[in-house]
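Trainee: So the number in this note's numbering is just where the residue sits in the first sequence, counting from 1, plus 17.
We treat Cβ as the ideally placed atom computed from N, Cα and C, and that holds for glycine.
Note that this is a predicted model, so its numbers are computed, not measured.
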Amino acid sequence: MSVRLRGWLLDLYEDIDNGLRIWFISEDGTRVCLHQAMEVTFYASGTNEELRSLWITLKRYPAVLSLQRETRRDAFIPEPITVLKAVVDSPLHQARLFRELQQRYPRLVYYDADISSNIRHAARYGTFPMAFCEVDYDETGLILSIRVLNSRWDLAPVHPVFRILTLEPNCDPGRGEPSALRVQCGQRKQTLLLESSGELIHKLNQVLKQVDPDFILSSWGDTWLVPTLLEFSKREGEKLCLNRDEKRDVGWQKEMSYFSYGQIICRAEEAHLFGRCHIDQRSAMMWRDYGLDGVLESARVTTLPIENAARVSPGSGISAMQMLTALEHDILVPWHKQQVEVFKDGMDLIQRDRGGLIYQPIVGLHANVAQVDFISMYPAIIIKGNISPEVPLPNGIIPASEELGVVPLTLKPLYEKRVALKLRSAGLVKDSRLSKRDNARASALKWLLVVCFGFLGYKNARFGRIEAHEAVTNGGREVLLRAKEVAESLGFEVLHMYVDALWLKKPGSSKKADFQEVLNEISLQTGLGVSLDGIYRWIAFLPSRMDERVPVANRYFGVFQDGSMKVRGIEARRRDTPPWITETQTKMLERLSRAGSVQDLPACMEKAFEVFRNALSDLRSGRVPLEKLVIASRVSHELESYRSPTPAARAASQLLEQTGKRARPGQKVRFIYTRGEPGVHPWELPGTIDPDDVDRVKYIELLARAAASVFHPFGISDDQLKQWAHTQSVALDLVLNKEVSHVRKVYHHARTGRVEAATGIRRIAG
DNA sequence: TACAGTCGGGG
DNA sequence: GTGTACGACTGTA
18 MSVRLRGWLL DLYEDIDNGL RIWFISEDGT RVCLHQAMEV TFYASGTNEE LRSLWITLKR
78 YPAVLSLQRE TRRDAFIPEP ITVLKAVVDS PLHQARLFRE LQQRYPRLVY YDADISSNIR
138 HAARYGTFPM AFCEVDYDET GLILSIRVLN SRWDLAPVHP VFRILTLEPN CDPGRGEPSA
198 LRVQCGQRKQ TLLLESSGEL IHKLNQVLKQ VDPDFILSSW GDTWLVPTLL EFSKREGEKL
258 CLNRDEKRDV GWQKEMSYFS YGQIICRAEE AHLFGRCHID QRSAMMWRDY GLDGVLESAR
318 VTTLPIENAA RVSPGSGISA MQMLTALEHD ILVPWHKQQV EVFKDGMDLI QRDRGGLIYQ
378 PIVGLHANVA QVDFISMYPA IIIKGNISPE VPLPNGIIPA SEELGVVPLT LKPLYEKRVA
438 LKLRSAGLVK DSRLSKRDNA RASALKWLLV VCFGFLGYKN ARFGRIEAHE AVTNGGREVL
498 LRAKEVAESL GFEVLHMYVD ALWLKKPGSS KKADFQEVLN EISLQTGLGV SLDGIYRWIA
558 FLPSRMDERV PVANRYFGVF QDGSMKVRGI EARRRDTPPW ITETQTKMLE RLSRAGSVQD
618 LPACMEKAFE VFRNALSDLR SGRVPLEKLV IASRVSHELE SYRSPTPAAR AASQLLEQTG
678 KRARPGQKVR FIYTRGEPGV HPWELPGTID PDDVDRVKYI ELLARAAASV FHPFGISDDQ
738 LKQWAHTQSV ALDLVLNKEV SHVRKVYHHA RTGRVEAATG IRRIAG
């Protein structure tokens, strides 16, 4: 006899015994755990002799259900190859068997051998987290059939009503000793004392039983809270039932350091649950950016379990999607990437590694500038040019082959979904305001798209190939140069180009409609979608701080016509800038942005200067809270191996000496600049920092630097500002007044058509 | 002044 | 488990 269930798939994992356990939230709100058997197929290729030997070995394993010789295609080898296909009765047995085979037959090439059960299940049944399923199962809970009724690509997915429990200590465990635990579910809040009175675990278990949450959202859950609670539980002799699956303990993922984004990242240990999801909001990658909606969207399209989608970087999401695509299209998934770069002659080497096109901006202040962006340029080029490691490379962006490769096949639906979401939120498709939820989801997709391109050039990616990566950047440069020609032919001046954006202006063009033609023409001539990021009332491109004759590609700020600002590359954008500096610089820029047009700028400049002056006086009189002066910077080496220790490394060494806590490569170290030796004081060091020890001169220097970035376009030099900041002499006020009148004069001339160069002013043009 | 180390950008 | 390559910039020796 079979029972039918309709509901959403919440969690899927390998059972302790065998097969899979799958949790559903049914339509009527019950949470149901079912199980399913799943056979697993993998392949090996090698010499006839080796394959014969493998065959004999595998035949003796009862878990191996069938063996067969087949001819198949390796994505990286032109000719079909002979493989041995093995079907194993369960994921667990396959994993165990594969580990043995690697030892015993290291020379064989394996395929489909290290794919997670989630991805296999997704490929076979079309499942994904929050898939709406119709399931038939027997009285033991064994799944007999499963059909998915919705799609990963739904624009408006329907979710069940989740039960969410929030757990957070009352302070940052890195800074102090939390004394209480805040527990929240919907409107219901309570506080439990964090002490081993024999009560805590009991009460927590009650809450868990009562609420039976689908999600436990914690703060510092991975690194502190869950370990601490388990410790209490041990002491009190009462089991803490965090899991829904009562057979399981908390699944620990070990701490590790890895290389990513050109730097060492340290990923802390993680506490995983079974049957429900634990997400540590502090360690979950990009949680701040897109929250639970983004995590669910990411899980949905990547098919990664929700707990993983919340934590891993988008790279593994893309990797999962590529494997799924390959499985769906009968392309073998290589185990370790074994691609060797083909030989290159000298000409190729010069062509290589040029990356995206970067143009030198015309430094200075400009009014009525349009920024034109290509929409997801690299993904669009990959799709249009059919750029994939196993497909012949295109000529420019003219594809060499019709049949889409793994990478474009993976990207296409993702790209189309993002464009559709963007269109919807832009109001082109009626019915929707730009909802917070759509934003979060679009943001999650954006990251997957961005990273997919980088993955092509990543040496360890299964479907990466450096030549394909280069083909994309080549295509991008071609496209941008074509766009420049188009813009210039229509009489626009191209002030700047950066990878996938152009900044244009033309006398008399200041409204959206004035740029419509050039947008259409660029799109037509390049075959790629473009959008108007906005029209700047004014924008300032900054030169190098090292040498102000040299323009730099990505230091600029400007105000759009709607009054919003765009800021790139300057201090406020850097994560190692103390909050006080960031806030002051942002406030200064905000004062500038109040200028309704360029004519109002001089007056706003005086306001911005006032912000600067007030901030300095706050610092001098000790009104700046210490936490606003904290600098956070990463250490990327073991502390002993620094040849010239950075301030962060020196702070970390102090911390190690005095507390025994060691900052691992990839961890951030927080510190304050202090007077005398050693010049820094770790923020995490117990005991307070005497405000008098703060190295105010240092902070004045840092603030003056940030102010200089803001004022540079108005002709005030670094040195002038610095000197003024340190001495508080009135000289600068005079300079400022002088400059303000210069700016006024120049704008007057600009508007009357007689542009004239002003001393001290870099460049101003109407 | 040279070098070592950290960060940004995309969006 | 895991994006690239590169240039700008700061602090140290």
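1. Report back the beta-carbon spacing between valine 350 and aspartate 550 to the nearest angstrom; my notes put them in contact at under 8 Å.
2. Can you tell me which of Pro662, Ala139 and Arg458 puts its alpha carbon nearest to the alpha carbon of glutamine 339?
3. May I ask you to report which of helix, strand or coil DSSP gives leucine 182?
4. Quick check on tryptophan 72: does DSSP put it in helix, strand or coil?
5. On the DSSP bridge list, what partners appear for tyrosine 128?
6. Can you tell which of Phe509, Leu498 and His654 has its C-alpha closest to the C-alpha of aspartate 517?
7. What is the residue span of the alpha helix (DSSP H) that tryptophan 237 lies within?
8. Using a 10 Å radius around the Cβ and a threshold of 16 neighbouring Cβ atoms, would you call arginine 591 buried or exposed?
9. Around the Cβ of tryptophan 520, are there at least 16 other Cβ atoms within 10 angstroms (buried) or fewer (exposed)?
10. Which residue marks the beginning of the alpha helix (DSSP H) containing cysteine 621, and which one marks its end?
11. Taking 8 Å as the threshold, find out whether the region 51–66 comes into contact with the region 154–161 through three or more Cβ pairs.
12. When you compare the CB positions of aspartate 297 and arginine 48, do they come within less than 9 Å of one another, or not?
13. Buried or exposed for arginine 667, going by 16 or more other Cβ atoms inside 10 Å?
14. Which full runs of the beta strand (DSSP E) of 3+ residues lie inside the region 138–186, going along the chain?
15. Whose C-alpha, out of Thr183, Ser236 and Arg252, is nearest the C-alpha of glutamate 216?
16. Are the beta-carbon atoms belonging to valine 424 and leucine 512 less than 9 Å from one another?
17. Using 8 Å as the Cβ pair cut-off and three pairs as the minimum, do the region 681–690 and the region 646–665 touch?
18. Evaluate asparagine 631 with the Cβ neighbour count: other Cβ atoms within 10 Å of its Cβ, from every protein chain shown; 16 or more gives buried, anything less gives exposed.
19. For threonine 99, write down the residues that DSSP places opposite it in a beta bridge.
20. Determine the extent of the beta strand (DSSP E) in which glutamate 44 is found, giving its start and end residues.
21. For the beta strand (DSSP E) containing histidine 346, name the first residue and the last one.
22. Grab the span of the alpha helix (DSSP H) containing tyrosine 395 for me, first residue to last.
23. Using the rule of at least 16 other Cβ atoms within 10 Å of the residue's Cβ for burial, across every protein chain shown, is cysteine 258 buried or exposed?
24. For threonine 676, does the three-state DSSP call read helix, strand or coil?
25. Three-state secondary structure (DSSP) at threonine 208?
26. Determine, using beta carbons only, whether valine 243 and leucine 182 come nearer to each other than 9 Å.
27. Note down, in chain order, each residue of its chain lying with its Cβ closer than 8 Å to the Cβ of isoleucine 33, except the 5 sequence neighbours on either side.
28. Compute the distance between the beta-carbons of leucine 166 and arginine 23, then report whether it is under 9 Å.
29. Is DSSP giving methionine 582 helix, strand or coil here?
30. In chain order, what residues of the same chain have a beta carbon less than 7 Å from the beta carbon of asparagine 187, not counting five sequence neighbours either side?
31. Alpha helix (DSSP H) containing tryptophan 700: first to last residue?
32. Can you tell me whether DSSP reads tyrosine 122 as helix, strand or coil?
33. As a quick exercise: from Met394, Arg86, Ala459 and Phe574, pick the residue whose alpha carbon is nearest that of glutamate 824.
34. Output the distance between the C-alpha atoms of threonine 58 and valine 81, rounded to the nearest integer angstrom.
35. Please classify methionine 18: does DSSP put it in a helix, a strand, or coil?
36. How close, in whole Å, do the beta carbons of threonine 320 and isoleucine 136 come, if the pair is a contact with beta carbons under 8 Å?
Mentor: Here's the rundown:
1. Not confirmed; about 38 Å, so no contact.
2. Ala139
3. strand
4. helix
5. Tyr60 and Pro351
6. Leu498
7. Per DSSP, tryptophan 237 belongs to no alpha helix (DSSP H) and is neither H nor E.
8. exposed
9. buried
10. 618–637
11. yes
12. no
13. buried
14. 149–154, 160–165 and 181–186
15. Arg252
16. no
17. yes
18. exposed
19. Thr88
20. Premise fails: glutamate 44 is in no beta strand (DSSP E) and is neither H nor E.
21. Here histidine 346 belongs to no beta strand (DSSP E), and DSSP marks it neither H nor E.
22. 394–401
23. exposed
24. helix
25. strand
26. no
27. Lys264 and Arg265
28. yes
29. strand
30. Pro195, Ser196, Ala197 and Arg199
31. Taken as a continuous stretch (DSSP letters only), tryptophan 700 belongs to no alpha helix (DSSP H), as it is neither H nor E.
32. coil
33. Since the displayed the chain opens at 18 and closes at 783, residue 824 lies outside it and no answer follows.
34. 10 Å
35. coil
36. 6 Å
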